[in-house]
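Chemist: First residue of the sequence shown? That's 1 in full-length UniProt numbering, and the numbers climb one at a time after it. Using N, Cα and C, we set each Cβ at its ideal position, and we do this for glycine too. Quantities reported herein were computed from a predicted structural model and do not represent experimental measurements. Mind looking over this structure? Questions follow.
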Amino acid sequence: MGEEHRKYVIGFFVVAAIVMIIALVASSFQRLESDEIGIAYDTIQKHLGSDVKEEGLHTGPVGYRFIKFPSVFKTLEYTSLTCLNKDGVPIVLDVAFQYLARPSDLNRIVTEFRDHENYVTVLRNVGEAALHEACSQFNTSEFQSARALFTEKVRETLSLRFNDLSSDITDLQVAENERPRLLTQARTTRREAETQAQIAINKAQSDARIAISRAEAEAEAILNEYQTEADTYATIIQRQGLTTEGFLAYMGVRAISSSKNPVYAGVKAPAKTAYLGETP
């Protein structure tokens, strides 16, 4: 009874060790999608990597993870934002633009803002302050007569503020009434749809590359296995000095000896014995 219990205990620890090893190996693989970039962070050593990784399957220390940021432009919107113009008159604006954190500055961004969520919060607050600043430089009549000039001022102010945060902006849309706002939303929706379509294409291409790499690795492993087996047989023939027939006989003996079931071999009947002087 004691011996059987000990076997169960040993078996339990062996299974637990195997499960733990599998979990540790799995935790050392992380994947980035085609619309993501990231920096590796070792959660055990509390160490932030310096290299910016792009789409694909990546390996790293056990327990690491990626601090991920978008690799494509994302939209920031301010709906019904009220600001005061130079005359102190409230102006209601709908503003939308796209931003992108610079990959070359991603390490510094992560160090300062920790993750993308905090970074976007800061960008939104800074963007709102920039809009209030631009709004305060135009009076009521200028809002009507110099709309393009106001939009350019908003772009300039946003670009300056966002540059300090290592972010670029593009595709700025500014509207003051319902019709331009709907037009802005339609344009933004179209751009996002185009971006999502490109992301889907990139993801499909990435998955295809990964599948091809895995297939090539499996094929290489199979070829290596058969090459090793061929080399082994060649060594046996050389060391034993076997002919082709001798090697086949050797393999037949091995096959019979390793078989778990009885092996039956059929052979022809021996030649009939003939005696001298016997009359046919």
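1. Helix, strand or coil: how does DSSP classify VAL52 here?
2. Buried or exposed, going by whether 16 or more other CB atoms sit within 10 Å of the CB of ASN85?
3. Nearest-angstrom Cα distance between ASP51 and THR157?
4. How would you write the range of the alpha helix (DSSP H) that GLU156 sits in, first residue to last?
5. Between the alpha carbons of ALA249 and ALA234, how many angstroms are there, rounded?
6. With DSSP collapsed to three states, give me the class of ASP171.
7. Do you know how far the Cα of VAL72 is from the Cα of THR195?
8. Of the residues LYS153, PRO103, LYS203, which one's Cα is nearest the Cα of residue 363?
9. Between SER159, ASP164, VAL89, which has its C-alpha nearest PHE143's C-alpha?
10. If distances are taken between C-alpha atoms only, which option among ARG209, ALA219, SER166 comes closest to TYR99?
11. Taking one C-beta from the stretch 38-48 and one from the stretch 64-81 each time, how about it: are there three or more such pairs within less than 8 Å?
12. Mind listing, in chain order, the continuous beta strand (DSSP E) runs of no fewer than 3 residues lying wholly within the stretch 82-136?
13. Step through the CB atoms of chain B and report whether any lies within less than 8 Å of the CB of LEU106.
14. CB-CB under 6 Å to GLU77, same chain, minus the five flanking residues each way: which ones, in chain order?
15. DSSP three-state call for ALA45: helix, strand or coil?
16. Name the two residues that bound the continuous beta strand (DSSP E) containing PRO70.
Modeler: Let me spell this out:
1. Strand at VAL52.
2. Classification for ASN85: buried.
3. Roughly 31 Å separates the two Cα atoms.
4. Segment 147-163, the alpha helix (DSSP H) holding GLU156.
5. Looking at the two C-alpha atoms, the distance is approximately 15 Å.
6. ASP171 carries a strand assignment under DSSP once its states are collapsed to helix, strand and coil.
7. Approximately 8 Å, taken between the alpha carbons.
8. This structure cannot speak to residue 363, because the chain is shown only from 1 to 280.
9. When the alpha-carbon of PHE143 is set against those of SER159, ASP164, VAL89, the nearest one is in VAL89.
10. For the residues ARG209, ALA219, SER166, the minimum Cα distance to TYR99 belongs to SER166.
11. With a cut-off of 8 Å, the stretch 64-81 and the stretch 38-48 count as touching, because enough Cβ pairs lie within range.
12. For the stretch 82-136, whole beta strand (DSSP E) runs of length 3 or above, ordered along the chain, are 90-101.
13. Annotation note: the requested chain B is absent from the structure, which comprises a single protein chain.
14. Its chain contains ALA96 as the residues whose beta carbon lies nearer than 6 Å to that of GLU77, once the 5 sequence neighbours on both sides are disregarded; these appear in chain order.
15. The amino acid at residue 45 is misidentified as Ala; the sequence shows Gln. In this structure, DSSP gives GLN45 a state outside helix and strand, which the three-state scheme calls coil.
16. Element bounds for PRO70: 64-70.
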